[in-house]
Amino acid sequence: LRPTSTLASVLDAFRRCIEIDPTHARAHYQYGYMLYITGHTAEAADVFRQWLTFDAANPVPRHMLAACSGEDVPARAADDYVKRTFDDFAESFDEVLLEKLDYHAPDLLAARLRADLGTAQATRIIVDAGCGTGLCGPWLKPYAQRLIGIDLSPGMLRKADARGDYDKLYEAELTRFLATYPAAFDVIVSADTLCYFGALEEFAAAARRSLKAGGWLGFTVERLDDDNPEPYRIRPHGRYAHRGDYVQATLAAAGFSGLSLEPGVLRMELSHPVQGWVVRARVGDA
Ligand SMILES: C[S@@+](CC[C@H](N)C(=O)[O-])C[C@H]1O[C@@H](n2cnc3c(N)ncnc32)[C@H](O)[C@@H]1O
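Numbers 565 to 850, taken from the working numbering, label the letters of the sequence shown in order.
Structure below.
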């Protein structure tokens, strides 16, 4: 079989599976996935739309329909979508990201922020916002008097807990968490998590509020080219990408200074590098 006929036969098998069992959620997921990764985005949207007809409360087809159709795109991925997606992914996350996708977001942030933070002294209160399985824990720990991890997914938090670097882990939405603690933290780090956010204003305001004077914010986002008409865009795989000038303007409007955006490859996706921004910003001394 040629590669094209293999793909055609796989798509055909999923289509027939759905014909036989029109309420087979997993087959809809796989069929929709195969369609959008092969560029058939409108057809993928139809599959997710069809899935919603028998599974209306499921956040996965809701989010993926928005991602593939561009309709009713949420300001950020819904909490229940994030939770379900990452609970399902928690067991294999480290293996898939590190061994198959050449994942670098934590290293890129470490390289940039180590230079800002100077000699490692365990003096800072640090938040890892969207800590996942805790891949940033090992490099953050030497700087932390107290290292706090926040995540919506209990499955990911269990993995982070097992790693042993965090003093406290909270199952919480990170924007709401940060907004609750004014002037409490010295450093906030968020690796490969704000790609589940479109609008960044609320996050930027909450992060600014929760940092102490002189505090540092570091995060990665996926990169949207500057000539795009929108400041950010959801992509068919369900993550958002951001224009650099939007990120910069949003942080400045929230009151950050010392802004720095550097390009970097975050990881691979379908054999292509995912281009990102490594972003650092500071709260000026009071
Ligand atoms: C791709 S993983 C990255 C995890 C980790 N930072 C790393 O670099 O390995 C994204 C994580 O962000 C979490 N997440 C996404 N949106 C969130 C939100 N609004 N509040 C809290 N956690 C969120 C997900 O549950 C997931 O664990």
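For glycine and all other residues, C-beta sits at the position ideal for the given N, C-alpha and C.
Whole-Å CB distance - residue i paired with residue j, under 8 angstroms assumed
i	j	result
F783	S821	Actually they do not touch by this definition, with Cβ atoms about 16 angstroms apart.
V843	L825	5 angstroms
G819	R772	5 angstroms
Q709	A679	20 angstroms between Cβ atoms; not a contact.
G713	A726	Contact flag wrong, Cβ pair sits at about 12 angstroms.
Distance between residue j and residue i (C-alpha atoms, nearest Å)
i	j	result
L733	S573	45 angstroms
P638	C581	31 angstroms
I689	A621	39 angstroms
D731	M598	41 angstroms
R648	G778	36 angstroms
L815	Q594	38 angstroms
I601	N792	22 angstroms
L662	D652	17 angstroms
D789	G828	14 angstroms
K664	E766	33 angstroms
Q839	E786	6 angstroms
E583	A577	10 angstroms
A606	R626	15 angstroms
Host beta strand (DSSP E) of residue i (start-end)
i	result
K732	732-735
S633	It is not in any beta strand (DSSP E) - S633 instead sits in the alpha helix (DSSP H) that spans 623-633.
G819	Here G819 belongs to no beta strand (DSSP E), and DSSP marks it neither H nor E.
D750	749-754
G859	Summary: the structure shown does not reach residue 859, with the chain confined to residues 565 through 850, and so no result is reported for it.
D790	No beta strand (DSSP E) contains D790, which DSSP labels as neither H nor E.
G848	G848 -> no beta strand (DSSP E), and no H or E assigned at all.
A708	708-715
A688	According to the sequence as given, residue 688 is Arg; it is not Ala. R688 -> beta strand (DSSP E) spans 688-693.
Alpha helix (DSSP H) segment containing residue i, residue limits
i	result
V660	Element bounds for V660: n/a, residue is neither H nor E.
A669	669-681
K647	643-653
G719	718-727
T744	738-744
R590	589-601
Sheet register partners of residue i (DSSP bridge)
i	result
V611	Answer is none; V611 lacks a bridge partner.
A769	Note: A769 sits in no beta bridge, so no partner.
P837	M832
H806	R787, Y796
L781	I752, A845
P827	W841
Same chain, Cβ closer than 8 angstroms to residue i, neighbours up to 5 away in sequence not counted
i	result
C700	P670, L673, A674, D692, V753, A755
D643	L716, E737
Y745	S774
D585	A591
Contacting residues, own chain, Cβ-Cβ under 7 angstroms from residue i (five flanking each side not counted)
i	result
L858	Given that the chain is displayed from residue 565 to residue 850, the structure contains no residue 858 and the question cannot be resolved.
R799	A631, A805
Q812	L823, L825
Beta-carbon contacts of residue i that lie in its chain and below 6 angstroms, excluding the five residues immediately before and after
i	result
T757	G694
H592	V611, W615
M720	F650, A654, G696, T697
L677	G782
A770	T739, L742, A743
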